[in-house]
Amino acid sequence: MKKIEYNVILVGASGIGKSSLVNQFAHGSFQPFYTSTIGIDRKIRDFEVDNMKVKIKMWDTAGQERFQSLVSQYFRNVDAVLCVYDVTSHDSFQQLRKWITRARTLTPSHAQFFLIGNKIDLPGRRVFTEDLFTYLEECKYQHFETSAKQGNVEPVFEAIIRQLLKTYVPEPLSPPPVVSRGCCF
Ligand SMILES: Nc1nc2c(ncn2[C@@H]2O[C@H](COP(=O)(O)OP(=O)(O)O)[C@@H](O)[C@H]2O)c(=O)[nH]1
Ligand SMILES: [Mg+2]
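Using the numbering used here, you'd call the opening residue of the sequence shown number 20 and step up by one each time.
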């Protein structure tokens, strides 16, 4: 079976659930308390879709400005950018423009961008269809809504992976080299 790898980076303000989305997809778990990400974190999940093994490397970035020069270095090799906001925070939605502009200048031309509104389990939505409509008309990114808490993350990641497979398939990963242990006879 062919095995390929995608590098996926998550960007957006602090506290909107980037790490929670990654943890939910990588480990199927959710932590109700907030642990701030320092700089950048990486998690891996092997996923199988249509008889194809896909290794997803998720680069989970810190939202704080002070980490941005470090984070910028990781954009060069990414295949997908997940632009995350919190549906209960209009500010987190407005901040996305800054993240997207930065990511656009640093990512390879094949990189695909997706918009993810998280925390849909919470009451008090502040980002509405009309905000999104104007934005999506402009950028044409695929848009998803998630709850890292209630766990609809798997189908969203699967849809993203399927979309990536449709548009950009990297070279399959080579199998690990066979280590010769020498002959004992
Ligand atoms: N209710 C709810 N809380 C969430 C959700 N996603 C994340 N959180 C909480 O929001 C806080 C910040 O999440 P975190 O993943 O660390 O945000 P990050 O700074 O963007 O990485 C934590 O207390 C999480 O438990 C969600 O979908 N629903
Ligand atoms: Mg985080």
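Think of the CB as a built atom: it goes at the ideal place given N, C-alpha and C, for glycine as much as any other residue.
Ala32 and Ile57: beta carbons closer than 8 angstroms?
-> Along the sequence shown, one-based indexing puts residue 32 at 13. Along the sequence shown, one-based indexing puts residue 57 at 38. Result no, Cβ atoms of Ala32 and Ile57 do not sit closer than 8 angstroms.
Do Ile274 and Lys74 have their C-beta atoms within less than 8 angstroms of each other?
-> The structure shown has nothing for residue 274, since the chain only spans 20 to 204.
Would you grab the beta carbon distance between Leu29 and Leu101 for me? Rounded to a whole angstrom, and I think it's under 8 angstroms.
-> Against the sequence shown, residue 29 aligns to sequence position 10. Against the sequence shown, residue 101 aligns to sequence position 82. Yes, they are in contact, since the Cβ atoms of Leu29 and Leu101 sit about 5 angstroms apart, within 8 angstroms.
Best match in Asp79, Pro51 and Val68 for proximity to Ala45 [C-alpha to C-alpha] | Position 26 of the sequence shown holds residue 45. Ranking the options by Cα distance to Ala45, first place goes to Asp79.
Between the C-alpha atoms of Asn42 and Ser48, what's the straight-line distance to the nearest angstrom?
-> Taking the sequence shown and counting its residues from 1, the one referred to as residue 42 is at position 23. Taking the sequence shown and counting its residues from 1, the one referred to as residue 48 is at position 29. Cα to Cα, the separation comes out at about 6 angstroms.
Nearest-angstrom Cα distance between Thr126 and Leu155?
-> One-based indexing of the sequence shown puts residue 126 at position 107. One-based indexing of the sequence shown puts residue 155 at position 136. Between Thr126 and Leu155, the C-alpha separation is close to 20 angstroms.
Which residues share a DSSP beta bridge with Tyr104?
-> If you number the sequence shown from 1, residue 104 lands on position 85. Answer is Gly136.
Compare the C-alpha of Asn70 against each of His162, Tyr93, Thr120 and Ile23 and name the closest.
-> Position 51 of the sequence shown, counting from 1, holds the residue named residue 70. Of the listed residues, the one whose Cα sits closest to Asn70 is Ile23.
With respect to 7 angstroms, is the separation between the Cβ of Ala81 and the closest non-hydrogen atom of ligand 2 below this value?
-> Start at 1 with the first residue of the sequence shown, and residue 81 comes out as number 62. Checking every heavy atom of ligand 2 against the Cβ of Ala81, one is found closer than 7 angstroms.
Bridge partner(s) assigned by DSSP for Ala99 = Taking the sequence shown and counting its residues from 1, one reaches residue 99 at position 80. Paired residue(s): Val27 and Gln131.
Report the residue ranges of all alpha helix (DSSP H) runs contained in full by the region 26 to 98; include only those spanning at least 4 residues, in chain order.
-> 37 to 46 and 87 to 91
Can you tell which of His129, Arg85, Glu177 and Phe66 has its C-alpha closest to the C-alpha of Tyr187?
-> Residue mapping note: residue 187 aligns to position 168 of the sequence shown, counting from 1. It is His129.
Is Met20 closer than 8 angstroms to Lys72 when the C-beta atoms are compared?
-> As a first step, residue 72 is located in the sequence shown; it is residue number 53 there, counting from the start. As a first step, residue 20 is located in the sequence shown; it is residue number 1 there, counting from the start. Yes. Within cutoff.
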